[in-house]
Amino acid sequence: MSEERGMTPFEAAFHASAERHERVWTFCVIVMLALLTIGTMFYVVRDYGLVSATGAFYTDPADPAREAAFADGKIVRTGPNAYAVYVVGRAWHWSPDVIRVPAGAEITFYVTSADVLHGFEIQGTAVNLTAVPGVVGSVKYTFRRPGVYHIICNEYCGMLHHAMVARIVVTPSQAVTTGTPS
Ligand code: CUA
Numbered sequence: 001m002s003e004e005r006g007m008t009p010f011e012a013a014f015h016a017s018a019e020r021h022e023r024v025w026t027f028c029v030i031v032m033l034a035l036l037t038i039g040t041m042f043y044v045v046r047d048y049g050l051v052s053a054t055g056a057f058y059t060d061p062a063d064p065a066r067e068a069a070f071a072d073g074k075i076v077r078t079g080p081n082a083y084a085v086y087v088v089g090r091a092w093h094w095s096p097d098v099i100r101v102p103a104g105a106e107i108t109f110y111v112t113s114a115d116v117l118h119g120f121e122i123q124g125t126a127v128n129l130t131a132v133p134g135v136v137g138s139v140k141y142t143f144r145r146p147g148v149y150h151i152i153c154n155e156y157c158g159m160l161h162h163a164m165v166a167r168i169v170v171t172p173s174q175a176v177t178t179g180t181p182s
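Residues 1 to 182 in the numbering used here are what the sequence shown lists, from first letter to last.
Encoded structure:
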C-alpha cells in the first residue's frame, strides 16, 4: 500500500483491482485445500476406520479350550450375523488359509501363533495385530463389500515370510430378512 503515493489514478485503480483478485484467489486456494484435506480424511476414515483395529490381547495357558479352538484354525458362527474366526500363524502359513464370511457380518478374529511372532494384517483394512505364541489377540471387523481380501504377514519370520498369505473371501450379504443397517 505504501507505493500508492506517486501513482497515477490508473495505476492506483489497477493496484486496487489486483489486490482484490489476489484476495479472491487466496481465498479459493484455502477453500480448495480445506476441501481436499476434509475429503481425504473422510474417505480414509470411511474405508479404513478411525484407528488401527487392534483389540485385546490376553492369555490363559490353563484353558484347554484355547488349544482346541486353534488346533487348525476354524470359523464358528456365533450369532445371526456374527462369526468368530480362530487363526493360527505358523512358519509359513495361516490356518485356515481360506476364510469365507458374508459381507456385513461382525467378524471377531482371534489370532495366535504356534511358533514365532507373525504379523496378522488384512490388506485394505485397518486390521493389524501381532500373532504372539501363547497369547491371543482379538479384533472385530465387518467387511462392507464382497471380494477377496488377503491376510499377509507383516512381521519378519524367516525364509518364506513373504509367502505367508491367506485369503478371506467375503460373499454377498446374507441378511435378507433382517435388513442391514448401513
Ligand atoms: Cu509370518 Cu512373517
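C-beta: ideal position from N, C-alpha, C; glycine also.
This one's a predicted model, so the numbers in the text were calculated from it and none came from an experiment.
- Burial is judged here by how many other beta carbons sit within 10 angstroms of a residue's own beta carbon; Ile168 has at least 16 and is buried.
- The stretch 114–134 makes no contact with the stretch 75–86, as fewer than three CB pairs between them are under 8 Å.
- Annotation: Leu129 to Gly137 spans about 7 Å, alpha carbon to alpha carbon.
- Taking all protein chains in view, the Cβ of Cys157 is crowded by 16 or more other Cβ atoms within 10 Å, so the residue is classified as buried.
- The beta-carbon separation of Ala131 and Gly73, rounded to 11 Å, does not stay under the 8 Å limit for a contact.
- The distance from the Cβ of Ala166 to that of Val98 is about 7 Å, consistent with a contact at the 8 Å cut-off.
- With respect to the 8 Å criterion, Ala114 and Pro133 are classified as neighbours on the basis of their beta carbons.
- The residue among Leu36, Ile38, Gly124 and Tyr141 with its C-alpha nearest the C-alpha of Gly104 is Tyr141.
- Here the alpha carbons of Val85 and Cys153 stand approximately 17 Å from one another.
- DSSP places Glu11 within a helical segment (H, G or I) once states are collapsed to three.
- For Arg167, the enclosing beta strand (DSSP E) stretches over residues Val165 to Thr171.
- Per DSSP, the unbroken beta strand (DSSP E) holding Arg77 starts and ends at Lys74 to Gly79.
- Nearest in C-alpha terms to Arg145, of all of Arg46, Cys28 and Val87, is Arg46.
- Distances taken from the Cβ of Cys28 to the heavy atoms of ligand 1 include none shorter than 7 Å.
- Counting the other CB atoms within 10 Å of its CB gives Thr112 a total of 16 or more, which places it among the buried residues.
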